[in-house]
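Here's the structure, in structure tokens; my notes come after.
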Amino acid sequence: MNTWFECKVKYETIDEQTGKEKKVNLPYLIDAVSYTEAESRIHAEMEQYVRGEFSVPSIKKANYTDLFFYDDGDKWYKCKVVYVAIDENAGKEKKVSNQMLVCASDLKEAYDRINESMSGMTVDYDIAAIIESTIADVFPYFKDEVNEPIPDHLTPLSEYEAKQEKSDADFVEEDDVNSYSEDI
1 MNTWFECKVK
11 YETIDEQTGK
21 EKKVNLPYLI
31 DAVSYTEAES
41 RIHAEMEQYV
51 RGEFSVPSIK
61 KANYTDLFFY
71 DDGDKWYKCK
81 VVYVAIDENA
91 GKEKKVSNQM
101 LVCASDLKEA
111 YDRINESMSG
121 MTVDYDIAAI
131 IESTIADVFP
141 YFKDEVNEPI
151 PDHLTPLSEY
161 EAKQEKSDAD
171 FVEEDDVNSY
181 SEDI
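Counting from 1, position 36 in the sequence shown corresponds to residue 36 in the UniProt record's numbering; the numbering is continuous, with no gaps.
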């Protein structure tokens, strides 16, 4: 399960229409386990995209249950999806709403992609709202990004498994020993 943080990043950029520098304050979404990691990751990501100085004036947890990535989309759409859940203790139905983000080119495509992504749900759902999000970009956590060195007192799993396989091959079953001694 991902924990998403919305990080506001303030920096100067060139206005495409006028060619002059302007200050922007854009929200970015980043996957992290804590505020500290979110700040560290957003700094690492933004150093690759922003020339010059930038600051991160605010970081807050984002309440998104799902994100649907598509390579051909250029905007993020915030979708409110409502479904009915049955409270077995009270015996009543209650509406549960979830916020989701989907990457799409326009509103209709966002609607179609949410329907496509939710098609496997076994409960009925309604798409209550879709609005264009102000989020500039999303940085998910990738397992490949972890390049932490293994401490000296630990053995890499691949080496440990190789040693286990070798010791298992050297291991002789007791029945094999008994049948060998009977032959002698």
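The beta carbon of each residue, even a glycine, is placed where N, CA and C say it ideally should be.
Contacts around V84, its chain only, beta-carbon distance under 7 Å, and the 5 residues preceding and following it disregarded: Indexing the sequence shown from 1 puts residue 84 at position 84. E93, K95, V123, D124.
Hey, which unbroken runs of the beta strand (DSSP E) at 3 residues or more fall wholly within the segment 48-127? 54-62, 66-68, 75-87, 92-104
Please state if the CB of A32 and the CB of K75 are separated by a distance shorter than 8 Å. The residue you call residue 75 lines up with position 75 of the sequence shown. The residue you call residue 32 lines up with position 32 of the sequence shown. For K75 and A32, no; Cβs fall outside 8 Å.
Using beta-carbon positions only, say whether G52 and Y11 come within less than 8 Å of one another. In the sequence shown, residue 52 corresponds to position 52, counting from 1. In the sequence shown, residue 11 corresponds to position 11, counting from 1. Yes, the pair counts as a contact, with Cβ atoms nearer than the cut-off.
Just the C-alpha distance for L67 and K166, rounded to the nearest angstrom, thanks. In the sequence shown, residue 67 corresponds to position 67, counting from 1. In the sequence shown, residue 166 corresponds to position 166, counting from 1. Whole-angstrom Cα-Cα distance: 44 Å.
When DSSP labels each residue in this structure, what does I135 get in the three-state scheme? Here residue 135 corresponds to residue number 135 of the sequence shown, with the count starting at 1. Coil, per DSSP.
For a test of the three-state rule: what should DSSP assign to E16, helix, strand or coil? For this step, residue 16 is matched to residue 16 along the sequence shown. Reduced to three states, the DSSP call for E16 is coil.
For the beta strand (DSSP E) containing Y141, list its first residue and its last residue. What you label residue 141 is simply residue 141 of the sequence shown in a count that begins at 1. Unbroken run through Y141: none, as it is neither H nor E.
Cα separation between N115 and S97? As a position in the sequence shown, residue 115 is number 115, starting the count at 1. As a position in the sequence shown, residue 97 is number 97, starting the count at 1. When rounded, the distance between both Cα atoms is 15 Å.
Just grab the DSSP bridge partners of Y11 for me. Numbered from 1 along the sequence shown, position 11 holds the residue referred to as residue 11. According to DSSP, which records beta bridges pairwise, Y11 is partnered with V24, F54.
If I'm right that Y77 touches Q99 with Cβ under 8 Å, what's the distance once you round it to whole angstroms? Against the sequence shown, residue 77 aligns to sequence position 77. Against the sequence shown, residue 99 aligns to sequence position 99. Not confirmed; about 11 Å, so no contact.
Buried or exposed: L157, going by 16 or more other Cβ atoms within 10 Å of its Cβ? Against the sequence shown, residue 157 aligns to sequence position 157. Looking at its Cβ environment, which holds fewer than 16 other Cβ atoms inside 10 Å, L157 is exposed.
Going by the beta-carbon positions, is the gap between S9 and L29 smaller than 8 Å? Mapped onto the sequence shown, residue 9 falls at position 9. Mapped onto the sequence shown, residue 29 falls at position 29. Residue identity differs from the one stated: residue 9 is Val in this sequence, not Ser. Cβ atoms of V9 and L29: not closer than 8 Å.
My assumption, with CB atoms under 8 Å, is that I127 sits in contact with V81. Please give the rounded CB distance. On the sequence shown, residue 127 is found 127 positions in, with the first residue counted as 1. On the sequence shown, residue 81 is found 81 positions in, with the first residue counted as 1. I127 to V81, Cβ: 6 Å. Contact.
Write down the C-beta distance between Y35 and F5 rounded to the nearest angstrom, noting that I regard them as a contact closer than 8 Å. Position 35 of the sequence shown, counted from the first residue, corresponds to residue 35. Position 5 of the sequence shown, counted from the first residue, corresponds to residue 5. Contact holds; Cβ gap of about 7 Å.
I'd like to check one pair, C7 with A38: are the Cβ atoms closer than 8 Å? Residue mapping note: residue 38 aligns to position 38 of the sequence shown, counting from 1. Residue mapping note: residue 7 aligns to position 7 of the sequence shown, counting from 1. The answer is yes: Cβ separation under 8 Å.
What residues in its chain sit with their C-beta under 7 Å from that of I14, if we drop five residues either side in the sequence? For the purposes of this step, residue 14 is identified with residue 14 of the sequence shown, where counting begins at 1. Only E21 meet the Cβ criterion.
Any idea what DSSP makes of A129, helix, strand or coil? Here residue 129 refers to the residue found at position 129 of the sequence shown. Here A129 sits in strand by DSSP.
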